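Chains as they are written, first to last, in this note's numbering: chain Y, 9 to 387; chain B, 32 to 559. Ideal Cβ placement from N, Cα and C applies to all residues, glycine included. As the structure is a computational prediction, the values presented were derived from the model and not from experiment.
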């Protein structure tokens with residue numbers, strides 16, 4: 009074993025964070041692009057330029073999501089089991105929405121028919137908006153605690169309903185997720201398209217970022233008032249995974265405790281705000297590459313803000329806070345974490361290398377002339 | 032109590048979504064290599080027809096690939112959404128190969144598939160070939176890790192039950208990866224994929240030859256497909272995963288049910304080529320037997336026995352009784368009586384815990400099972416013989432027909448007389464569905480044959496579900512069926528459209544429909 013159990017548990021908490029950040033920056037951006045598609049592309053040719061900025065990458069980007077799911081299964085099996093079955097209809101909704109995207113990307117431009125293409129554009133929009141929204145809604149619910157229970161044989165049962173997920177705070181979190189991804193995508197399109205499309209994308213991207221700043225602030229105040237979870241006592245962090253062995257209470261504002269205990273973590277919400285503001289300014293100054301870099305740091309800031317507020321909780325239970333799942337006790341065995349850690353440190357850098365190569369090779373402003381000249385070789 | 036209808040619906044949903052997904056996977060597995068072969072010829076010879084072949088077959092590959100990606104997501108979701116106790120109980124072992132699949136294989140495949148389609152103008156010839164190659168490697172590695180995970184469900188090595196965490200935990204990653212069942216399954220499954228892709232290309236090329244269209248294009252494609260197909264079908268048949276049936280208890284059960292081997296025969300056992308299995312009487316009526324064949328196929332020897340169902344039943348009964356005691360001790364341990372003596376006792380019995388859990392279907396407490404319930408559980412420890420017997424024979428029958436088609440195609444193609452053998456070309460067109468039929472029935476043999484287990488001898492399927500309701504499942508199954516039919520219709524329609532268009536869909540101006548059009552314009556010009 010490279011590290012002791014406690015260290016590996018923490019490293020996997022970080023790695024899941026890395027995978028989620030990778031997902032937001034890449035696949036999240038593709039979702040934002042698809043949401044913007046109909047707004048910034050008025051003609052078929054304009055829309056094709058938009059789609060072709062991510063044409064060669066969307067599939068690889070989507071694997072960040074798939075791998076995050078796989079890593080969740082392998083590193084935090086209890087969380088995977090409880091969250092996926094508890095949020096059954098929400099997950100199915102995301103799944104059915106995600107079905108639309110591969111087909112839409114690949115099939116849309118295979119036929120000339122305007123109706124065919126228009127329908128696929130809607131499919132792209134729905135297929136991207138729904139997951140972006142639902143992921144935010146899921147986070148919003150997790151922050152409030154999820155009504156599930158675990159029995160002595162560690163079978164989880166969920167006591168909520170689908171519609172209970174759609175509460176006001178969760179919807180704000182959902183919109184926050186959509187606006188941050190659209191803002192990020194706006195900067196991407198400003199950079200990678202030209203003329204009208206680029207101008208419109210920049211504008212909508214900045215609007216989205218402004219909305220994001222407002223929603224992030226509202227969510228922050230809300231979290232400060234809502235019941236957070238605190239661990240009173242728990243088994244040793246080196247010991248085997250047992251979510252049934254601790255005592256947990258709830259208290260208003262407890263989610264902010266970590267920020268006073270570890271003041272450095274305040275850097276994350278600040279990073280999110282400052283990055284969003286800088287992105288707006290940089291976009292306005294027509295520096296889209298820098299703007300895109302800052303929206304990326306903004307996404308890191310947002311995800312780490314949620315993560316550090318909840319640490320070590322992953323999925324608190326509102327039904328029975330004592331059985332809340334944490335990164336100490338809902339994890340895999342020492343050996344599994346170790347094996348997967350080795351796999352991750354070998355493959356994540358490799359993935360980053362070849363992904364970068366692909367982006368470099370495909371890097372250009374996608375223009376309408378290019379699409380017209382290569383109409384059968386483009387999406 | 033266990034709600035049987037709910038369990039059946041959970042299984043039905045998984046079966047529908049897995050079987051549907053698996054309509055698209057085999058073509059992807061094989062097509063990537065066919066593309067590598069054709070594109071290599073292009074890079075070596077520089078002849079444009081090979082580039083066009085790569086692009087055209089790549090187009091059909093892409094239409095198929097999109098649905099494969101979309102429906103593959105379902106599988107990853109469903110373990111958590113519909114099999115949450117499974118996810119908890121074996122996630123520590125089963126999740127690892129899935130996560131590594133993502134990191135090592137799926138990233139590679141998906142990153143380069145986009146470059147394959149859209150990178151033609153931005154990459155050099157060699158770079159593009161490299162991209163195609165990495166895509167093929169990624170796709171096939173992906174199958175490797177998925178089958179490592181699946182092989183573990185069939186033969187769960189390298190793991191041990193931990194009463195403290197109430198789940199299976201990994202004890203050896205090497206054993207998990209080098210699980211003999213996973214190895215043979217991998218070879219068998221990917222070769223079956225190569226066969227599917229070869230038959231697809233062979234059949235469509237034959238159709239063009241029959242129509243007299245784009246002959247140079249079609250005959251070259253036919254050559255590649257017949258060669259690759261023959262090698263692959265030989266691989267599937269000779270390395271059929273029957274050789275994996277001697278390791279692991281559940282694999283033995285599968286073998287006995289496939290062969291309707293009710294009682295252990297003297298080695299080497301005869302192979303029942305065909306017959307009508309009767310579960311109540313435990314006999315096979317009207318059986319046509321081939322002496323020695325089963326012993327040779329299954330054990331690769333003349334003196335090892337193939338265990339019959341009645342003997343396996345006796346073994347299972349013993350293990351169920353042990354499992355009841357194991358469960359009794361598990362409860363003690365879970366309730367704090369974890370004395371060293373109890374732990375030691377549990378450790379000696381825990382391999383039979385899964386058999387004890389089979390009784391949960393009849394009595395939640397397990398330990399108070401009646402004699403009658405134990406006998407029922409023994410009967411439960413086998414899949415039904417009928418579906419196993421017939422699925423296997425349909426699969427093998429399709430394989431044999433394909434072997435003949437590929438062998439003749441290869442032979443006549445090598446003698447350059449394929450154009451005259453119109454009956455063979457027609458047979459090749461009609462053979463296109465065969466690999467899919469064989470593959471779907473192969474899935475049934477492997478996964479229905481695993482019943483009643485989700486994880487062989489470890490976790491019964493009926494315990495592996497989530498805590499949902501019958502109505503939840505009726506709703507999602509309906510949604511899946513409707514949605515998947517739509518996907519299939521759109522995909523099938525688009526595929527057919529491009530198959531009919533042929534290489535003319537590349538708009539190079541060199542192929543059938545474009546030449547026809549040019550001819551007409553020329554004629555019109557001459558007349559006016």
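Determine, using beta carbons only, whether residue i comes closer than 9 Å to chain Y.
{"i": "residue 142 (chain B)", "result": "yes"}
{"i": "residue 529 (chain B)", "result": "yes"}
{"i": "residue 132 (chain B)", "result": "yes"}
{"i": "residue 292 (chain B)", "result": "no"}
{"i": "residue 378 (chain B)", "result": "no"}
{"i": "residue 135 (chain B)", "result": "yes"}
{"i": "residue 154 (chain B)", "result": "yes"}
{"i": "residue 312 (chain B)", "result": "no"}
{"i": "residue 148 (chain B)", "result": "yes"}
{"i": "residue 365 (chain B)", "result": "yes"}
{"i": "residue 157 (chain B)", "result": "no"}
{"i": "residue 42 (chain B)", "result": "no"}
If we cut at 9 Å on Cβ distances, does residue i have a partner in chain B?
{"i": "residue 12 (chain Y)", "result": "no"}
{"i": "residue 392 (chain Y)", "result": "With chain Y covering 9 to 387 only, the question about residue 392 (chain Y) has no answer from this structure."}
{"i": "residue 373 (chain Y)", "result": "no"}
{"i": "residue 244 (chain Y)", "result": "no"}
{"i": "residue 376 (chain Y)", "result": "no"}
{"i": "residue 109 (chain Y)", "result": "yes"}
{"i": "residue 74 (chain Y)", "result": "yes"}
{"i": "residue 228 (chain Y)", "result": "no"}
{"i": "residue 369 (chain Y)", "result": "yes"}
{"i": "residue 78 (chain Y)", "result": "yes"}
{"i": "residue 386 (chain Y)", "result": "yes"}
{"i": "residue 362 (chain Y)", "result": "yes"}
Using a Cβ-Cβ cut-off of 7 Å (strictly less than) and excluding sequence neighbours within five positions of residue i, which residues of its own chain qualify?
{"i": "residue 579 (chain B)", "result": "The displayed coordinates of chain B run from 32 to 559. Any statement about residue 579 (chain B) would go beyond what the structure contains."}
{"i": "residue 85 (chain Y)", "result": "340"}
{"i": "residue 83 (chain Y)", "result": "20, 24, 339, 340, 345 and 348"}
{"i": "residue 202 (chain B)", "result": "189, 190 and 191"}
{"i": "residue 494 (chain B)", "result": "116, 388 and 391"}
If I measure Cβ to Cβ from residue i and keep anything under 6 Å in the same chain, skipping five residues before and after, which residues do I get?
{"i": "residue 310 (chain B)", "result": "416"}
{"i": "residue 455 (chain B)", "result": "439"}
What residues in its chain sit with their C-beta under 8 Å from that of residue i, if we drop five residues either side in the sequence?
{"i": "residue 380 (chain Y)", "result": "53"}
{"i": "residue 92 (chain B)", "result": "58, 59, 62, 63 and 66"}
{"i": "residue 45 (chain Y)", "result": "55, 58, 59, 129, 132 and 133"}
{"i": "residue 543 (chain B)", "result": "244, 245, 533, 534 and 535"}
Less than 8 Å separating the Cβ of residue i from some heavy atom of the ligand SAH?
{"i": "residue 307 (chain B)", "result": "In the structure on display, the ligand SAH does not appear, and there are no ligands present to speak of."}
Could you tell me which whole beta strand (DSSP E) segments of length 3 or greater appear in the stretch 197 to 246 of chain B? Within the stretch 197 to 246 of chain B, the runs of beta strand (DSSP E) that reach at least 3 residues and sit entirely inside it are, in chain order, 198 to 201.
Just by C-beta distance, which residues in the stretch 472 to 490 of chain B are closer than 7 Å to chain Y? Within the stretch 472 to 490 of chain B, no residue has a Cβ that lies closer than 7 Å to any Cβ of chain Y.
Runs of alpha helix (DSSP H) lying entirely within the stretch 294 to 375 of chain B, each at least 4 residues, in chain order: With a minimum length of 4 residues, the continuous alpha helix (DSSP H) runs that stay inside the stretch 294 to 375 of chain B are 324 to 330 and 340 to 365.
Any residues in the stretch 101 to 120 of chain B with a beta carbon nearer than 9 Å to a beta carbon of chain Y? Which ones, in chain order? For the stretch 101 to 120 of chain B, which is checked against every Cβ of chain Y, the residues closer than 9 Å are 101, 102, 103, 104, 105, 107, 108, 109, 110, 111, 112, 113, 114, 115, 116, 117, 118, 119 and 120.
Touching by the beta-carbon criterion (3+ pairs, under 8 Å), the stretch 31 to 41 of chain Y and the stretch 61 to 76 of chain Y: Note that the stretch 31 to 41 of chain Y touches the stretch 61 to 76 of chain Y; at least 3 beta-carbon pairs, one per stretch, sit closer than 8 Å.
Completely contained beta strand (DSSP E) runs for the stretch 144 to 204 of chain Y, where each covers 3 or more residues: Fully enclosed beta strand (DSSP E) runs of 3 or longer: 156 to 158 and 164 to 166.
Inspect the CB distances between the stretch 98 to 105 of chain B and the stretch 155 to 162 of chain B and report whether three or more fall short of 8 Å. At 8 Å Cβ cutoff, the stretches do not touch.
Which whole runs of the alpha helix (DSSP H) in the stretch 416 to 478 of chain B are 4 residues long or more, in chain order? Inside the stretch 416 to 478 of chain B, DSSP marks whole alpha helix (DSSP H) runs of 4 or more residues at positions 416 to 445, 453 to 461 and 465 to 474, from first to last along the chain.
Taking only runs of the alpha helix (DSSP H) that begin and end inside the stretch 284 to 345 of chain Y, which ones reach a length of at least 4 residues, in chain order? If we require 4 residues or more, the alpha helix (DSSP H) runs fully inside the stretch 284 to 345 of chain Y come out as 296 to 318.
Inter-stretch contact (C-beta, 8 Å, three-pair minimum) for the stretch 121 to 139 of chain B and the stretch 366 to 374 of chain Y: The stretch 121 to 139 of chain B is not in contact with the stretch 366 to 374 of chain Y.
Quick check for students: name the residue ranges of the alpha helix (DSSP H) that lie wholly in the stretch 77 to 116 of chain B, counting only runs of 4 or more. Taking only runs of at least 4 residues, the alpha helix (DSSP H) segments lying wholly in the stretch 77 to 116 of chain B are 79 to 113.
Assess, as a yes-or-no matter, whether the stretch 207 to 225 of chain Y is touched by the stretch 186 to 197 of chain Y under the definition of 3 or more beta carbon pairs within less than 8 Å. Note that the stretch 186 to 197 of chain Y touches the stretch 207 to 225 of chain Y; at least 3 beta-carbon pairs, one per stretch, sit closer than 8 Å.
Pull out every residue of the stretch 251 to 271 of chain Y whose Cβ sits closer than 7 Å to any Cβ of chain B, in chain order. When C-beta distances to chain B are compared with 7 Å, every residue of the stretch 251 to 271 of chain Y stays at or above that value.
Using 8 Å as the cut-off, can you tell me whether the stretch 407 to 420 of chain B makes contact with the stretch 285 to 300 of chain B, which would need three or more C-beta pairs spanning the two stretches below that distance? Three or more Cβ pairs drawn from the stretch 407 to 420 of chain B and the stretch 285 to 300 of chain B lie within less than 8 Å of each other, which places the two stretches in contact.
Three or more C-beta pairs under 8 Å: does that hold for the stretch 213 to 232 of chain B against the stretch 52 to 71 of chain B? Below 8 Å, enough C-beta pairs join the stretch 213 to 232 of chain B and the stretch 52 to 71 of chain B to call them touching: three or more.
Can you list, in chain order, the residues of the stretch 101 to 125 of chain Y whose Cβ is nearer than 7 Å to any Cβ on chain B? If you check each beta-carbon in the stretch 101 to 125 of chain Y against every beta-carbon of chain B, the ones closer than 7 Å belong to 103, 104, 106, 107, 110, 111, 114, 115 and 118.
Validate contact between the stretch 115 to 125 of chain B and the stretch 149 to 166 of chain Y using beta carbons, cut 8 Å, 3 pairs: As far as the Cβ criterion goes, the stretch 115 to 125 of chain B touches the stretch 149 to 166 of chain Y, which means the pair count is three or higher.
Any chance the stretch 441 to 460 of chain B sits against the stretch 498 to 512 of chain B, with 3 or more Cβ pairs inside 8 Å? Taking a cut-off of 8 Å on C-beta distances, the stretch 441 to 460 of chain B does not touch the stretch 498 to 512 of chain B, as fewer than three cross pairs fall below it.
At 4 residues or longer, and completely inside the stretch 134 to 174 of chain B: list those alpha helix (DSSP H) runs for me, N to C. Those alpha helix (DSSP H) runs which fall completely within the stretch 134 to 174 of chain B and span 4+ residues are 138 to 149.
Is the stretch 497 to 506 of chain B touching the stretch 33 to 48 of chain B, taking contact as three or more C-beta pairs under 8 Å? A contact is defined here as three or more CB-CB pairs under 8 Å, and the stretch 497 to 506 of chain B meets this definition with respect to the stretch 33 to 48 of chain B.
Three Cβ pairs or more, each shorter than 8 Å: is that satisfied between the stretch 255 to 273 of chain Y and the stretch 316 to 323 of chain Y? Flag = yes, the stretch 255 to 273 of chain Y and the stretch 316 to 323 of chain Y touch.
Could you tell me whether the stretch 421 to 432 of chain B touches the stretch 403 to 413 of chain B, where touching means 3 or more Cβ pairs closer than 8 Å? Contact fails: fewer than three Cβ-Cβ distances are below 8 Å.
Which residues, taken in chain order from the stretch 126 to 138 of chain Y, show a beta carbon closer than 7 Å to some beta carbon of chain B? Sequence-ordered contacts of the stretch 126 to 138 of chain Y with chain B are nonexistent [C-beta pairs closer than 7 Å].
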